[in-house]
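*Asks:*
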Amino acid sequence: MEYRREIDGLRALAVVPVILFHAGSDTFSGGFVGVDVFFVISGYLITSIILTEKEAGTFSLVDFYERRMRRILPALFFVMLAYIPFAWYWLPPRDMKDFSESLIAVPVAVSNFLFWQRSGYFDTASELKALLHTWSLAVEEQYYLLFPAFLVLTWRLRRHWVIGILIVVALTSLALAHWGASNHPQATFFLLPTRIWELIIGVFAAFHLFGREGTKIKSGDSSHLIQFLSIFGLFLIVYSIFVFDRKTLFPSLYTLMPTVGAAFIVLFATQQTIVGKILSSKVLVGLGLISYSVYLWHQPLFAFARHVALADPGTDVFIPLILLAIAAAYLSWRFVERPFRNKREVSRKSLVTSTLFFTAFFVLFGLAGVLTRGFVDIRTNYMQKQILATVARSPKRKECHTSGSNYRKPENACQYYVPNGSWAVLGDSHAVELAYALAKVLEKDNKGVKHFSFSGCAPAYGRIDKTHSDSINCSHWTEEVMAHIIADKSIDTVVVSYHTEGWAASDSNENAAPWQSYKGILHAFKAAGKDVVLVLQAPSLDEDMEHLVFRLDSPPLNIPGKKRKEWEERQKYITERKNEISDEVTIINPSDLFCDENSCYAVRDGKALYFDIHHMSVAGALLVAEKVVERVTDRPIGSEATIE
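Taking my numbering, I'd label the letters of the sequence shown as residues 10 to 653.
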């Protein structure tokens with residue numbers, strides 16, 4: 010098969026936007042399409058190699074898989090090995106446990122399944138996953154297991170039959186992807202059935218260019234049509250990179266733009282075309298040659314930088330990190346990739362032996378990390394372990410008495426401990442732990458709590474409709490729940506709690522959460538004869554709770570600087586308007602329990618008050634719940650409830 014410099018240049022065009030997208034660049038908002046370009050390139054190159062060897066009668070599945078092992082695994086394993094010490098030193102136990110799961114999944118080519126189950130590619134939390142980018146390698150490796158076998162089985166069929174089967178598979182996959190992008194976005198993004206059509210586009214390009222003598226590139230053709238098609242292909246890719254963003258349905262029909270663009274470049278960007286000459290430049294070809302190693306190195310670097318900084322470090326940090334990734338990539342390409350791809354330097358036996366050894370090592374190390382909850386006993390002292398044990402979320406609906414599986418419907422409200430509760434809790438994710446804690450406090454009085462919450466949906470009554478990512482309209486959901494609570498005569502007390510981000514903004518700002526909206530909710534409940542309690546947001550931490558405990562040896566852990574100032578502004582906005590609410594509406598401010606004159610604290614009496622940056626843990630919620638019950642019932646509660 011003839012070497013094509015422009016294909017290496019296309020690799021560079023694919024990897025650079027991916028890196029800049031992962032670095033958080035708003036300009037390259039669609040940089041993730043670089044992975045789709047890689048899929049097309051892989052489909053083209055693998056098919057071209059197989060067709061050439063099948064035509065020559067030299068194709069062997071054993072040789073094929075050996076080449077794939079040489080190409081993918083040595084550099085991948087080297088990068089994974091290199092990052093383990095950094096993970097050990099920097100990651101708190103919970104994140105180390107997640108990293109350990111990745112170490113198990115990556116060498117056995119199922120990391121796309123892992124990340125499908127754990128998080129979405131565009132979620133903020135995903136930016137902290139060091140091996141998230143290996144999902145695309147898993148997709149390709151799964152494809153490599155299927156496609157060569159398909160060609161071997163269908164080789165004796167006429168060519169149009171083979172292509173016909175591939176067309177049916179590709180169209181089915183594309184249709185499934187377009188439907189799934191709206192209905193099951195995470196599975197659609199990560200799994201092979203909704204990605205295989207992209208690789209098949211590259212397969213079609215290889216079949217088109219293949220003749221009896223092998224892969225034929227029309228290097229002498231520089232007609233206006235060829236020039237136009239290659240330029241148009243480049244335009245489709247560049248347009249996708251700069252116009253697409255995280256909100257674009259992906260993969261879907263939109264994905265045809267970068268993939269068809271890549272196919273046009275493969276088919277028409279010859280050495281005589283403008284695009285071919287650009288992609289064949291020394292800089293792009295050089296970057297393309299090390300693009301695989303660059304892709305491997307960059308994401309862990311960025312993820313660990315975010316762990317250390319606990320935020321996006323900024324351009325002044327990401328630029329050196331990108332340069333570092335390129336330097337590391339060159340070294341791993343020069344001293345790992347190239348030697349292992351040379352059969353004279355590394356024999357098949359050595360390749361297989363080393364692959365089995367490191368696969369076993371990563372799987373066993375990962376299992377140890379999972380079973381020990383991120384090596385928590387080894388990597389933390391006694392005090393840290395005691396506090397980390399209390400960084401707990403509620404069991405949520407584990408112990409609920411619910412009448413249906415869809416708990417988001419008001420009639421199926423989660424009911425802790427005692428069915429048909431006389432207390433109701435309404436809010437977003439910030440109400441979950443509070444509802445559980447209230448149920449713990451009220452259990453001895455045989456009073457139950459009905460829990461109405463939806464993560465990401467702060468109660469918004471009578472405001473502009475905003476649709477939640479789970480296809481639930483938050484405003485409609487709030488109105489439905491409110492009507493249910495008001496009509497339920499058994500409910501005599503309603504506790505409202507949610508994230509107050511945006512309260513300090515103008516009521517005319519549609520992106521804010523206007524006070525008028527929330528005030529209307531409180532008045533509506535009060536007018537229905539309910540006792541109403543508003544629980545404000547707890548002060549936000551500067552760092553995730555586990556990071557704080559893992560990185561510091563001696564609590565108390567306080568909330569300094571900008572974070573506290575922003576939080577105080579939000580609380581001030583509400584407290585200044587307290588007179589706008591009926592005096593009979595009780596306001597509970599967690600800061601009265603979490604703070605003193607000098608600081609607000611993340612740990613009290615050896616217990617973590619948070620489980621992340623701003624969500625209260627069960628221990629923190631218990632303090633607030635006791636204060637709520639004390640104020641409503643006018644009797645002291647003490648600290649009788651405990652964490653189970």
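Virtual Cβ for every residue (Gly too), placed ideally from N, Cα, C.
Keep in mind that this is a model prediction, so the values were computed, not measured.
How many angstroms separate the CA atom of S257 from the CA atom of E606?
*Replies:* Your numbering for residue 257 matches position 248 in the sequence shown. Your numbering for residue 606 matches position 597 in the sequence shown. First, the residue type needs correcting, since residue 257 is Thr and not Ser in the sequence shown. About 47 Å.
*Asks:* Which residue marks the beginning of the beta strand (DSSP E) containing K459, and which one marks its end?
*Replies:* Here residue 459 refers to the residue found at position 450 of the sequence shown. Unbroken beta strand (DSSP E) run through K459: 458-462.
*Asks:* Among M105, E11, E15, F37, which one has its Cα closest to the Cα of F374?
*Replies:* One-based indexing of the sequence shown puts residue 374 at position 365. Considering only alpha carbons, the answer is M105.
*Asks:* Have a look at Y301, L201, L112, L60 and flag the residue whose alpha-carbon is nearest the alpha-carbon of R80.
*Replies:* Here the question's residue 80 lines up with position 71 in the sequence shown. Per the Cα distances, Y301.
*Asks:* Buried or exposed: R103, going by 16 or more other Cβ atoms within 10 Å of its Cβ?
*Replies:* What you label residue 103 is simply residue 94 of the sequence shown in a count that begins at 1. Buried, since its Cβ has 16 or more Cβ neighbours within 10 Å.
*Asks:* Please list, in chain order, all residues of the same chain as P419 whose beta carbon is under 7 Å from its beta carbon, the five residues on each side excluded.
*Replies:* Indexing the sequence shown from 1 puts residue 419 at position 410. So the list reads F461, E489, V490, H493, once near-sequence residues are dropped.
*Asks:* Identify the continuous alpha helix (DSSP H) that holds C696 and give its terminal residues.
*Replies:* Outside the displayed span of the chain (10 to 653) sits residue 696, for which this structure offers no information.
*Asks:* Restricting to Cα atoms, I'd like to know which of L200, F251, I174 is closest to F213.
*Replies:* Taking the first residue of the sequence shown as position 1, residue 213 is located at position 204. Of the listed residues, the one whose Cα sits closest to F213 is I174.
*Asks:* Hey, how far is the Cα of R315 from the Cα of A547?
*Replies:* The sequence position of residue 315 within the sequence shown is 306, counting from 1. The sequence position of residue 547 within the sequence shown is 538, counting from 1. In a straight line, the C-alpha of R315 is about 24 Å away from that of A547.
*Asks:* Whole angstroms are fine: how far does the CA of L276 sit from the CA of L234?
*Replies:* Within the sequence shown, the letter at position 225 stands for residue 234. Within the sequence shown, the letter at position 267 stands for residue 276. In a straight line, the C-alpha of L234 is about 12 Å away from that of L276.
*Asks:* Give me whichever residues DSSP pairs with R613 in a beta bridge.
*Replies:* By one-based count along the sequence shown, residue 613 stands at place 604. Bridge partners of R613: K616.
*Asks:* Tell whether a beta-carbon distance below 7 Å holds between S431 and D386.
*Replies:* Against the sequence shown, residue 431 aligns to sequence position 422. Against the sequence shown, residue 386 aligns to sequence position 377. Against a cut-off of 7 Å, the Cβ pair of D386 and S431 comes out as no contact.
*Asks:* Just the C-alpha distance for F232 and I240, rounded to the nearest angstrom, thanks.
*Replies:* To locate residue 232, count along the sequence shown from 1; it is residue 223. To locate residue 240, count along the sequence shown from 1; it is residue 231. In the sequence under discussion, the amino acid at residue 232 is Ser, which differs from the Phe named in the question. Spanning the two alpha carbons is a distance of roughly 12 Å.
*Asks:* What does the alpha-carbon distance come out to for the pair P101 and R167?
*Replies:* Locating residue 101 in the sequence shown gives position 92, counting from the first residue. Locating residue 167 in the sequence shown gives position 158, counting from the first residue. Each residue's Cα considered, the two are about 57 Å apart.
*Asks:* When you compare the CB positions of F41 and F48, do they come within less than 7 Å of one another, or not?
*Replies:* Numbered from its first residue, the sequence shown carries residue 41 at position 32. Numbered from its first residue, the sequence shown carries residue 48 at position 39. Their beta carbons are not under 7 Å apart, which means F41 does not touch F48 by this criterion.
*Asks:* Taking only the alpha-carbon atoms, compute the straight-line gap between E593 and V541 and give it to the nearest angstrom.
*Replies:* As a working mapping, residue 593 is identified with position 584 in the sequence shown. As a working mapping, residue 541 is identified with position 532 in the sequence shown. About 8 Å.
*Asks:* Classify S359 as helix, strand or coil using the three-state DSSP reduction.
*Replies:* One-based indexing of the sequence shown puts residue 359 at position 350. S359: helix per DSSP, three-state reduction.
*Asks:* In this structure, what does DSSP give as the bridge partners for A433?
*Replies:* Here residue 433 refers to the residue found at position 424 of the sequence shown. Paired residues: K459, V503.
*Asks:* So G211 and L243 are supposed to be a Cβ contact under 8 Å. How far apart are they, rounded?
*Replies:* For the purposes of this step, residue 211 is taken as residue 202 along the sequence shown, with counting starting at 1. For the purposes of this step, residue 243 is taken as residue 234 along the sequence shown, with counting starting at 1. With a Cβ gap of about 17 Å, G211 and L243 do not count as contacting.
*Asks:* Below 8 Å on the Cβ atoms is my contact criterion, and I expect L443 with V504 to pass it. Report the Cβ-Cβ distance as a whole number of Å.
*Replies:* Numbered from 1 along the sequence shown, position 434 holds the residue referred to as residue 443. Numbered from 1 along the sequence shown, position 495 holds the residue referred to as residue 504. Indeed they touch by this definition, with Cβ atoms about 7 Å apart.
*Asks:* What first and last residue would you give for the alpha helix (DSSP H) that runs through T163?
*Replies:* Mapped onto the sequence shown, residue 163 falls at position 154. T163 -> alpha helix (DSSP H) spans 144-163.
*Asks:* Might you give, ordered along the chain, the residues of its own chain that have their beta carbon closer than 8 Å to the beta carbon of V252, omitting 5 neighbours on each side?
*Replies:* For the purposes of this step, residue 252 is identified with residue 243 of the sequence shown, where counting begins at 1. Here the set comprises S38, G39.
*Asks:* In or out: Y12 buried (at least 16 other Cβ within 10 Å) or exposed?
*Replies:* Here residue 12 refers to the residue found at position 3 when the sequence shown is read from its first residue. Exposed, because fewer than 16 other Cβ atoms sit within 10 Å of the Cβ of Y12.
*Asks:* If you compare alpha carbons, which of S356, A278, F95, H217 is closest to D72?
*Replies:* Position 63 of the sequence shown holds residue 72. When only C-alpha atoms are compared, the closest one is S356.
*Asks:* Report the three-state DSSP secondary structure of V441 (helix, strand or coil).
*Replies:* The sequence position of residue 441 within the sequence shown is 432, counting from 1. It is helical.
*Asks:* For T381, which three-state DSSP category applies?
*Replies:* Here residue 381 refers to the residue found at position 372 when the sequence shown is read from its first residue. Reduced to three states, the DSSP call for T381 is coil.
*Asks:* For T264 versus D553, is the C-beta distance shorter than 7 Å?
*Replies:* Numbered from its first residue, the sequence shown carries residue 264 at position 255. Numbered from its first residue, the sequence shown carries residue 553 at position 544. No, the Cβ-Cβ distance between T264 and D553 is not below 7 Å.
*Asks:* Compute the beta-carbon to beta-carbon distance between K456 and V427, rounded to the nearest angstrom, for a pair I have assumed lies under 8 Å.
*Replies:* For the purposes of this step, residue 456 is taken as the residue at position 447 of the sequence shown. For the purposes of this step, residue 427 is taken as the residue at position 418 of the sequence shown. Correct: roughly 6 Å between the Cβ atoms.
*Asks:* Buried or exposed, going by whether 16 or more other CB atoms sit within 10 Å of the CB of G413?
*Replies:* Residue 413 sits at position 404 when you count from the first residue of the sequence shown. Annotation note: pLDDT 45 at G413 (below 50); position unreliable, coordinate value reported separately. By the neighbour-count rule (16 or more Cβ atoms within 10 Å), G413 is not buried but exposed.
*Asks:* Which same chain residues end up closer than 7 Å to A338 when comparing Cβ atoms and leaving out the 5 residues on each side of it in sequence?
*Replies:* For the purposes of this step, residue 338 is identified with residue 329 of the sequence shown, where counting begins at 1. Once the five neighbours on either side are set aside, the close Cβ partners of A338 are I299, S302, V303, W306.
*Asks:* State yes or no: is the C-beta of S506 within less than 7 Å of the C-beta of G436?
*Replies:* Start at 1 with the first residue of the sequence shown, and residue 506 comes out as number 497. Start at 1 with the first residue of the sequence shown, and residue 436 comes out as number 427. Yes, these two residues count as a Cβ contact at 7 Å.
*Asks:* Could you please give the first and the last residue of the uninterrupted beta strand (DSSP E) stretch that includes I494?
*Replies:* Residue numbering aside, residue 494 sits at position 485 when the sequence shown is read from its first letter. Segment 483-496 is the alpha helix (DSSP H) holding I494; no beta strand (DSSP E) there.
*Asks:* Measuring only the C-alpha atoms, how far is D474 from A118?
*Replies:* Walking along the sequence shown from the start, residue 474 turns up at place 465. Walking along the sequence shown from the start, residue 118 turns up at place 109. With a pLDDT of 42 at D474, under the threshold of 50, the predicted position of this residue should be treated as unreliable, and no value is reported.
*Asks:* Is there contact between the region 361-378 and the region 596-603, where contact requires at least three CB pairs shorter than 8 Å?
*Replies:* Touching, no.
*Asks:* Which residues bound the alpha helix (DSSP H) around V594?
*Replies:* Counting from 1 along the sequence shown, the entry for residue 594 is found at position 585. Run containing V594: none; DSSP gives neither H nor E here.
*Asks:* From the DSSP output, in three-state form, read off F253 for me.
*Replies:* As a first step, residue 253 must be located in the sequence shown, where it is residue number 244. Here F253 sits in coil by DSSP.
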